[in-house]
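The listed protein sequences derive, respectively, from chains A and B.
What the first sequence shows, in this note's numbering, is residues 3 to 131, in sequence order.
What the second sequence shows, in this note's numbering, is residues 95 to 239, in sequence order.
Glycine is no exception: its CB is placed at the ideal position from the N, C-alpha and C atoms.
So the structure is just underneath, and the comments pick up after that.
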Amino acid sequence: MRKNDKMVVAAALAFALLAGLWGQVMGLEPAADAFIDFLTFAAVAGGLFFIYKARDKLGGETARSLELLGAGMLVFVLAYWPSYTWSSAGSPTWLGLSTGFWSMLFGLANFVGLAIVAYAFYTFWDMGR
Amino acid sequence: MNLNSKDYGVILGGVLISFLGAFATEAGIISSSLAGTITGILPQITILTILVGLVFVYLARDLLGGEVVDNLDVIATGFLIYAITWWPHKQFYHADALGGSEVAFFGIGTPGAWNVFFHTLTAALFGLVSFGFYRFWEMSQEVNA
């Protein structure tokens, strides 16, 4: 890992700590909750944009592995984004479907998204082999 | 797209299983007690699956080398911190795996502070993962320079 990358990792952790301090002082505002949910979506969406831009030029197995990472992140965020709102609202019945339905859907889709990410990591290894 | 048919099978099969599981729960084919067991253990399985993926990143590092490894390191670091902080986040902060009671722990801070911290951390870590994807894009520009 490059030195700059370590700075980015440190900045990400510092950002979360500062946000935690802010939460300590301000309390948990519903607006902050909604903003954090949006921030998560935006963070993933930004990455998907760069995968989309990078894949044609990279091509081949690298592009394939990146596309798998992107597919995993997409499935994950499409589950995470509404599940955060749903969970904040106290896990209610939504659209006439029970709490059990949404628990199962979000739980499975979270798993599937990150399992696709793990599969993508496997394809990176497989590519190097 | 550079995905092969097996990749599409994994992606679409996974999404299909998610919906089938949810509708089977709604219809009572999966009993509510079994559904509770499944949704209770799914987060643990999810985190273990990420950790298995990270083992492959570790194994791939020596094989691939160069800038691809630098980029993968960034992405893997994001997922590693996510996996490590997941336990205090879900198992302690959200006492229930899916949105249970929320607590302040270590006697420090309010539940609201932990809430903002853990969820902002999740957003920041996915930002870190996306930075790794940006680095792949940057690499793709150099390839064609």
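Unbroken alpha helix (DSSP H) run spanning residue i, endpoints
i: methionine 9/A; result: 5-28
i: glycine 115/A; result: 101-130
i: asparagine 165/B; result: 160-180
i: glutamate 31/A; result: Counting along the chain, glutamate 31/A falls outside any alpha helix (DSSP H), and DSSP gives it neither H nor E.
i: isoleucine 105/B; result: 99-120
i: alanine 73/A; result: 62-90
Own chain partners of residue i with C-beta closer than 7 Å, once the 5 adjacent residues on each side are dropped
i: phenylalanine 117/B; result: none
i: phenylalanine 43/A; result: Val79 and Trp83
i: leucine 70/A; result: Ile118, Tyr121, Ala122 and Thr125
i: glycine 221/B; result: none
i: leucine 192/B; result: Because the pLDDT of leucine 192/B is 43, which lies under 50, any placement of that residue in the model is unreliable, and the question is left without a value.
Sequence-distant residues of the same chain with beta carbon closer than 6 Å to residue i, five excluded per side
i: valine 223/B; result: Ile169 and Gly172
i: phenylalanine 108/A; result: Ala81 and Ser85
Residue environment, residue i, which counts as buried when at least 16 other CB atoms sit within 10 Å
i: phenylalanine 112/A; result: Inspection of the sequence shows that residue 112/A is occupied by asparagine rather than by phenylalanine. Answer is buried; the Cβ neighbour count reaches 16.
i: asparagine 209/B; result: buried
i: aspartate 167/B; result: buried
i: phenylalanine 211/B; result: buried
i: glutamate 31/A; result: exposed
i: tryptophan 181/B; result: exposed
i: methionine 106/A; result: buried
i: phenylalanine 40/A; result: exposed
i: valine 151/B; result: buried
i: lysine 184/B; result: buried
i: valine 77/A; result: buried
i: valine 57/A; result: According to the sequence as given, residue 57/A is arginine; it is not valine. Flag for arginine 57/A reads buried.
i: arginine 131/A; result: exposed
i: arginine 229/B; result: buried
i: alanine 121/B; result: exposed
i: leucine 36/A; result: Note on identity: in this sequence residue 36/A is alanine, with leucine being the wrong assignment. Classification of alanine 36/A: exposed, given that the 10 Å Cβ count is below 16.
i: valine 27/A; result: exposed
Neighbourhood of residue i by C-beta distance below 8 Å, restricted to the same chain and skipping five residues each side
i: leucine 19/A; result: none
i: alanine 129/B; result: Thr119
i: isoleucine 132/B; result: Gly115 and Ile124
i: serine 93/A; result: Thr101, Trp104 and Ser105
i: leucine 60/A; result: Leu68
Check: residue i C-beta below 7 Å from any heavy atom of the ligand FAD
i: alanine 36/A; result: With respect to the ligand FAD, the structure offers nothing, as it holds no ligand at all.
Residue i, DSSP secondary structure in three states
i: phenylalanine 230/B; result: helix
i: serine 224/B; result: helix
Between the stretch 95-104 of chain B and the stretch 161-178 of chain B, can you find at least three pairs of beta-carbon atoms closer than 8 Å?
Contact between the stretch 161-178 of chain B and the stretch 95-104 of chain B is absent, because fewer than three Cβ pairs lie under 8 Å.
Can you confirm whether the stretch 109-123 of chain A touches the stretch 45-65 of chain A when touching is taken to mean that 3 or more C-beta pairs between the two stretches lie within less than 8 Å?
Touching, no, given that fewer than three Cβ pairs across the two stretches are closer than 8 Å.
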